[in-house]
Amino acid sequence: MAFAPRSGCIDWHGLFTNLRVPDWLRKMGGRDKTIVSICTGAFWVAKAGLPDGRTATTHRGTLEGLAKRYPKVKVAGGVRFVQDGRMDTSAGVSAVTGEQAGEQAGEQARE
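Read in the numbering used here, the sequence shown has 159 at position 82, and its numbers run on one by one without any break.
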């Protein structure tokens, strides 16, 4: 399951008016699924408590805000993609597609 707010969405403060989204993410996250957040989607996932005690990343312009607002999340700066168990977070869409391309190239090289 992937969660990404609309393109160019840096103002994450206004996103938290719909309180059903974190409840839905908690429900889905407990179903043995991999959760993927893209860009500032990390704030929604963090609001749901899913990355508590895990390492996560977000858009470089919101790293400090994520760390301050959700101190239980180990926020990683200077990286484009973080995979921690069944939690994948990325700095943006290009980071996810770049990571996936690298994995595919690695798989092809092993074959």
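Ideal Cβ positions, reconstructed from N, Cα and C, are used throughout, including at glycine.
Checklist entry - Which whole-angstrom value is the C-beta distance of GLY154 and LEU140, which I expect to be below 8 Å? => result Yes, they are in contact, since the Cβ atoms of GLY154 and LEU140 sit about 5 Å apart, within 8 Å.
Next on the checklist: If you follow the alpha helix (DSSP H) that ASP109 is in, where does it begin and where does it stop?
Outcome noted: Note, ASP109: premise wrong, no alpha helix (DSSP H); not H, not E.
Checklist entry - Helix, strand or coil: how does DSSP classify ASP100 here? => result Helix.
Checklist entry - Going along the chain, which unbroken runs of the beta strand (DSSP E) with 3 or more residues stay wholly within the segment 131-172? => result Segments of the beta strand (DSSP E) lying fully in the segment 131-172: 158-161, 164-167.
Next on the checklist: For VAL152 and MET105, I'd like the C-alpha separation in whole angstroms.
Outcome noted: Straight-line Cα distance between these residues: approximately 22 Å.
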